[in-house]
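*Asks:* One structure, pasted below without further comment.
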Amino acid sequence: MQPVKAPSRTEVAAGHEKNHIHPVDPILSPGDDVPFATLGDLVDRVEHLQHELAIARPDQKLSGRIIQVAYTLPFTIQPLSECKYMEHKVEALAAADKVAQLAIQARARRAQREAREREEEEELKQKLLHEEQISETRKPRSSSFVSDRPRLSMGMTSAVLDNVDLERFLYENQERSKQRAGRRAWLYDDLPSDDKEYSERDRFSPVGSFTSSAGSVPDGMPEWIEHATGLSEQASPLSPRSEGDVDDRPPWILSMHRGHSALNGGIHSLCDRYQQTYIGAPTHLKFAVNSERDMRSHAGETTPQEREAIEAVLASLEDRSEWARHEGELSVRPVSMQREEPMPKYGIKSVPVWLDQHSAFAHYNAYCKTTLWPLFHYMMWRDDEDRSSWDQYSWQAYVKVNQEFAKRVVSEYQQGDIVWVHDYHLLLVPHLVRRAIPDAHIGLFVHSAFPSSEIFRCLPQRNEIMEGMLGADLTCFQNRSYARHFVSCCVRVGGLEVQGSSVESPNGRVTQVSHNTIGVDVERVRYEATSPQVQPRMQQLRDLYAEQCILVGCDKLDVVHGVIQKLQAFYDLLFHYPEWREKVVLIQITIPTMTNSTKLERQVSELVSQINGDFGSLSFTPVQHYHQVIDRSEYYALLSVADLALVTSVRDGMNTMSMEYVVCQHEYQRSPLILSEFTGTAGHLPAAIQINPWDIVGVAAAIHHALAISENERAERHQQCYDQVMSQTSHMWALSLVHQMLLRLRHRYSAHSTLPFDTSLMLKHYAPAKKRLILLDYDGTLTPIVKDPAAAVPSRRLLDALRTLSENPSNAVYIISGRDEAFLTKHFGNLPALGLSAEHGSYFKEHGADSTWQNLSAELDMSWKGDVLNVFRYFTDRTIGSNIEEKKSSIVWHYRNADPDFGSFQAKECQSLLDNILSQNDLQVEVVVGKKNVEVRPLAINKGEIVHRILFGNPDTEYVYCAGDDKTDEDMFRFLSQLPFEVDDQQADASSERTSHVILRPPAPLRRSTEREAPARKIHIRPDQVFTTTVGSSNKRTRAGWHVGEPWDIVDALAMMAEADGA
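As numbered in the working numbering, the sequence shown has no gaps in its residue numbers, which increase by one up to the final residue, 1095.
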């Protein structure tokens, strides 16, 4: 019915006047979320990007394949024998129901005939009496003949049926139908008795296999018995096959599992353009419980032979025509709708991940559902539980399951594939796949909510989870807020470098963080909402609640979906707005979950009873609560007939019910939607009436306003919501993920890409060189980065390699670090032949046993220190957690312990102010922004200048190996990459190798008044004899020519050079 125009309260009237449609938040505007007006525009853009990438990287083309990785496969899998059993059972039940209906119809017809016969007999008696009165001379024989004639013409059917005993006949057929594999009872050739022999053909012949014949009915039953009883020899429409057909179905039958319709609809929509592989666990696998009494219950209990058969069936789905051999043709849309559309070009190969029962339970039920899911939805764990031992076991299971999935991905991966990992069950998979395939294109989409940094930091395994997520090239969330939370966690919890939406991992890999709202399959929802099965149910609801407004809620019964808050708000509505009593009814569907809470069920039941008791009557119940899974036709009927939908989730990743409601309403009433601001859909549907579910009074007022809403506001709100839903369907979402990945790859390819370090090429140039320079950073290069700098001590393997290399007179080995001389002396003082440089070159010790430390900064003009200290003190006073470190030749302002966002902002302000001061005073210093610090140091003191001095002092160098990891090491790489190589004149021997040289000017003097006295030197070295190597990923922005993944790769290279010296 249309909403009743109830009066509004004076105290809320003004608020309702202002509560018009709010302007769309520019941060969440459609122009940002959905940059394409239509799906066709997006398709064109994706094809253009693919063409660009193919031209830019002809040797690294995309394969056109997408690997979708989700925790569970979207199928219910069961043996063929079980399917046949259930089919026969359905047929038997249908046959029994049909026979019972026929018996009822036959009895009704018999009663009608008997009534007519009694009337005819009475009329006949009256007629005979009348004839006797007219003529007493008429013989009784004639009278008997007259009486028998009508009885033969009008009562023949009854006589025959009485002889046959129809009820006994139907009962016997019904009993035999149960014994004969569900075959229709009325289709046998004859009616054999229990002890009569019959052939196997008769026993198992399918329905409709026999033609009409005289033998098709019992002896003595006329041909017109079909008309008299309703029996027919036509095949039943429920029978799937006819005699002679061969059941060529596979040994395991698949059917689409209900749930995750948005995800599966999006994946299926890509079949027109991409080959896909779907990797997941067969969690919905069933065994032949009824047909073979197989009592196994978990997929981990399958035998190797069964797994091989199931894998073959799943792999066959790569051929789209194979889908027709399974139930419902494996369509995510109704079969009737699917058949009206052209068949997609590709199928989807499915690959199962086999998990043992204990690991699967500990992974899903323990870690995912009791650790991650509550935390991601802002629910902390109970303090009175001892979780330590159980947490450790469930975490190990989580790691194990993620490893199994990663192995499957690696085994299926082909060069150029795009891998998409879905949801919080598999957050470690991106990093695990990255370790096995460094150059893989990996995306991660988190379908659930993501918490703020203050909640996330409570997770014991936060670093491992964050590392796993940052293994992806692109990490995507449902909305901008969740993406911002993740970036904040990377900064505040992980201490990582963030530039815009890009997060740099400790190994140098850059992960792009984005958001992409998932939608619904609008065409499917519209098709099902307008199907013939829905209309009668809608009419039933309208007739049942003709005098009331219908409020609808459909939620899973868990604490985050806000069912309690919804019922409390409904109680408040009826209490404070009595004009709505007996004029509104709330139909609340609560769907049972795998981990039902009896406490929550009790609370809901008590609230429902309280509302119905306080505001209901014998003729009216205000809350209709159904704790069950309802049929799709009932679900769409509810959404279509509702006058208002209530979504009161206290935290939700994405609520697709709200979008399905908008689609259904567009076909009918266009009623308003009340939506919690804590759902992932809230930013996508800003025109909905958004509420805070914890504000019970506010929610009640919002319901009152929505019921009394004006027609103009109703239409305007609905149209905006509908436009948003139409602009971001599940098909658009899936292709948008591909588009975002292509943009990420284009950016990655456009950046400077370094080659993986080639140790064989290094050794090829190392061995013949007569003079070699080995220049090494320390932190992050020779040892991993650790939070406690004192804990970064050199390994025994590193010390042994450095000793061997430094004691070789052909080598000059230097460690050039930002550490002070005390630290370097402590750990490397026992290697007298090793050269050392401390504080980025402020202190220097030549290689050789007789060398001592030199203070290069002693000759520098340090008068600038006072001005810089004043600036740093200004920002320290205004930035809590920051501090100043004053070194002998430089000053550093650290903000690692400050608020990450505010600290980064203050660092930029500080840098800008320092640049302005230094440029005005022409000071020979530079401002260097490092990791969580700002450093001011003399221009003549940096790692690049130290390398310049070392190379100038060793003009006979024929080989250079330089390794580093951070921004300060880029000074070394920059100097070496800008060496002015000149090709030597061609030698007399044409077969000799072409050589080159460098004319190297002397390094800059420490004081401006000091002139360069030494002449330039000629160094005979070729570009291929210089190896600059950074620790990090291939797409790291660097001047280095090579890259390695981890510090121990650098140690391995040093050990190889040492072994070459020993050989």
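Just so it is clear, CB atoms sit at the ideal spot from N, CA and C, and this is done for glycine as well.
Is it buried or exposed, A747, if we count other Cβ atoms within 10 angstroms and call 16 or more buried?
*Replies:* Along the sequence shown, read from residue 1 onward, the residue named residue 747 stands at position 715. Label assigned to A747: exposed.
*Asks:* Taking all protein chains shown into account, decide if F1013 is buried (16 or more other Cβ within 10 angstroms of its Cβ) or exposed.
*Replies:* Residue numbering aside, residue 1013 sits at position 981 when the sequence shown is read from its first letter. When all chains shown are included, F1013 counts as exposed.
*Asks:* For a test of the three-state rule: what should DSSP assign to S869, helix, strand or coil?
*Replies:* The sequence position of residue 869 within the sequence shown is 837, counting from 1. Strand, per DSSP.
*Asks:* Measure the C-alpha to C-alpha separation of D882 and V523 and round it to an integer number of angstroms.
*Replies:* Position 850 of the sequence shown, counting from 1, holds the residue named residue 882. Position 491 of the sequence shown, counting from 1, holds the residue named residue 523. If I take the Cα positions, the gap works out to 46 Å.
*Asks:* Let me confirm a value: N974 is counted as buried when at least 16 other C-beta atoms fall within 10 Å, else exposed. Which label applies?
*Replies:* Position 942 of the sequence shown, counting from 1, holds the residue named residue 974. Result: buried.
*Asks:* Could you check what DSSP says for Y445 in three-state terms: helix, strand or coil?
*Replies:* The sequence position of residue 445 within the sequence shown is 413, counting from 1. Reduced to three states, the DSSP call for Y445 is coil.
*Asks:* Would L1101 and I847 be called neighbours here (beta carbons separated by less than 8 Å)?
*Replies:* Nothing can be reported for residue 1101, as the shown portion of the chain is limited to 33 through 1095.
*Asks:* Find the nearest neighbour of G448 within the set Y306, R928, V433, judged by alpha-carbon distance.
*Replies:* In the sequence shown, counting from the first residue as 1, residue 448 sits at position 416. With distances taken between Cα atoms, G448 lies closest to Y306.
*Asks:* What beta strand (DSSP E) runs, 3 residues minimum, are completely inside the stretch 418-501?
*Replies:* Taking only runs of at least 3 residues, the beta strand (DSSP E) segments lying wholly in the stretch 418-501 are 450-454, 473-478.
*Asks:* Taking the alpha carbon of A833 as the point to measure from, which residue in A823, S849, L814 has its own alpha carbon closest?
*Replies:* As a first step, residue 833 is located in the sequence shown; it is residue number 801 there, counting from the start. Considering only alpha carbons, the answer is L814.
*Asks:* With a Cβ-Cβ cutoff of 8 Å, do G976 and D1003 count as a contact?
*Replies:* To locate residue 976, count along the sequence shown from 1; it is residue 944. To locate residue 1003, count along the sequence shown from 1; it is residue 971. In contact: G976 and D1003 (Cβ atoms closer than 8 Å).
*Asks:* Using DSSP with H/G/I as helix, E/B as strand and the rest coil, what is S95?
*Replies:* Counting from one through the sequence shown, the residue named residue 95 turns up at place 63. S95: coil per DSSP, three-state reduction.
*Asks:* Would Q308 and R97 be called neighbours here (beta carbons separated by less than 8 Å)?
*Replies:* Translated into positions along the sequence shown, residue 308 becomes position 276. Translated into positions along the sequence shown, residue 97 becomes position 65. Yes. Within cutoff.
*Asks:* Under the three-state reduction of DSSP, which class applies to M773: helix, strand or coil?
*Replies:* For the purposes of this step, residue 773 is taken as the residue at position 741 of the sequence shown. Helix at M773.
*Asks:* Any idea which residues DSSP pairs P384 with across the strands?
*Replies:* The count along the sequence shown starts at 1 and reaches residue 384 at position 352. Its beta-bridge partners are G312.
*Asks:* Taking the C-alpha atoms as reference points, what is the distance between V584 and E536?
*Replies:* Counting from one through the sequence shown, the residue named residue 584 turns up at place 552. Counting from one through the sequence shown, the residue named residue 536 turns up at place 504. Whole-angstrom Cα-Cα distance: 46 Å.
*Asks:* Could you check which residue in T543, I285, Q137 has the C-alpha nearest to that of E119?
*Replies:* Here residue 119 refers to the residue found at position 87 when the sequence shown is read from its first residue. Here the closest residue by C-alpha is I285.
*Asks:* Taking the alpha helix (DSSP H) that G72 belongs to, which residues open and close that run?
*Replies:* As a first step, residue 72 must be located in the sequence shown, where it is residue number 40. Unbroken alpha helix (DSSP H) run through G72: 71-88.
*Asks:* Buried or exposed: where does D684 fall if 16 or more other Cβ atoms within 10 Å of its Cβ makes it buried?
*Replies:* Mapped onto the sequence shown, residue 684 falls at position 652. So D684 counts as buried.
*Asks:* Cα-Cα, which of Q1057, T711, Y693 is closest to K802?
*Replies:* Position 770 of the sequence shown, counted from the first residue, corresponds to residue 802. Among Q1057, T711, Y693, the Cα nearest to that of K802 is on Q1057.
*Asks:* Who does D811 pair with in a DSSP beta bridge?
*Replies:* For the purposes of this step, residue 811 is taken as residue 779 along the sequence shown, with counting starting at 1. According to DSSP, D811 bridges with T815.
*Asks:* The beta strand (DSSP E) spanning W1074 covers which residue range?
*Replies:* As a first step, residue 1074 must be located in the sequence shown, where it is residue number 1042. Segment 1074-1076, the beta strand (DSSP E) holding W1074.
*Asks:* Just mark S382 as buried or exposed, buried being the case when its beta carbon has 16 or more other beta carbons within 10 Å.
*Replies:* Translated into positions along the sequence shown, residue 382 becomes position 350. S382 is buried by the Cβ-count criterion.
*Asks:* Do you know how far the Cα of V679 is from the Cα of L632?
*Replies:* Here residue 632 is taken as the residue at index 600 of the sequence shown, counted from 1. Here residue 679 is taken as the residue at index 647 of the sequence shown, counted from 1. Rounded to the nearest angstrom, the two C-alpha atoms are 18 Å apart.
*Asks:* For S708, list the residues DSSP reports as bridge partners.
*Replies:* For the purposes of this step, residue 708 is identified with residue 676 of the sequence shown, where counting begins at 1. Beta-bridge pairing links S708 to I723.
*Asks:* So, at 6 Å on beta carbons, what are the nonlocal neighbours of V900 in its own chain, with the 5 sequence-adjacent residues on each side left out?
*Replies:* Residue 900 sits at position 868 when you count from the first residue of the sequence shown. I923, V968, listed in sequence order.
*Asks:* Using DSSP with H/G/I as helix, E/B as strand and the rest coil, what is T189?
*Replies:* Stepping through the sequence shown from its first residue, residue 189 is reached at position 157. Confidence in T189 is poor, its pLDDT being 44 and thus under 50, which makes the residue's placement too unreliable to answer from.
*Asks:* From the DSSP output, in three-state form, read off E990 for me.
*Replies:* In the sequence shown, the residue the question calls residue 990 occupies position 958. E990: coil per DSSP, three-state reduction.
*Asks:* Would you say T1061 and A995 are within 8 Å of each other, going by their C-beta atoms?
*Replies:* For this step, residue 1061 is matched to residue 1029 along the sequence shown. For this step, residue 995 is matched to residue 963 along the sequence shown. Yes, they are a contact pair.
*Asks:* For N929, which beta-bridge partners are listed by DSSP?
*Replies:* Position 897 of the sequence shown holds residue 929. N929 is not bridged to any residue.
*Asks:* Between V770 and the rest of its own chain, which residues show a CB-CB distance below 8 Å, the 5 nearest in sequence each way excluded?
*Replies:* Locating residue 770 in the sequence shown gives position 738, counting from the first residue. The residues are V78, I98, L302, Y306, I450.
*Asks:* Rounding to the nearest angstrom, what Cα-Cα distance links Q952 and R494 in this structure?
*Replies:* For the purposes of this step, residue 952 is taken as residue 920 along the sequence shown, with counting starting at 1. For the purposes of this step, residue 494 is taken as residue 462 along the sequence shown, with counting starting at 1. Approximately 47 Å between the Cα atoms of the pair.
*Asks:* Going by CA-CA distance only, name the one from T562, H547, N548 that's closest to V554.
*Replies:* Taking the sequence shown and counting its residues from 1, one reaches residue 554 at position 522. V554 has its Cα closest to that of T562, out of T562, H547, N548.
*Asks:* Report buried or exposed for N322, applying the criterion of at least 16 other Cβ atoms within 10 angstroms of its Cβ.
*Replies:* Mapped onto the sequence shown, residue 322 falls at position 290. Exposed, by the Cβ-count rule.
*Asks:* Between Q756 and T713, what straight-line distance do the alpha-carbon atoms span, to the nearest angstrom?
*Replies:* Locating residue 756 in the sequence shown gives position 724, counting from the first residue. Locating residue 713 in the sequence shown gives position 681, counting from the first residue. Approximately 11 Å between the Cα atoms of the pair.
*Asks:* Just tell me which of D388, W386, L639, E361 has its CA closest to the CA of M375.
*Replies:* Counted from its first residue, the sequence shown places residue 375 at position 343. That would be E361, whose Cα lies nearest to the Cα of M375.
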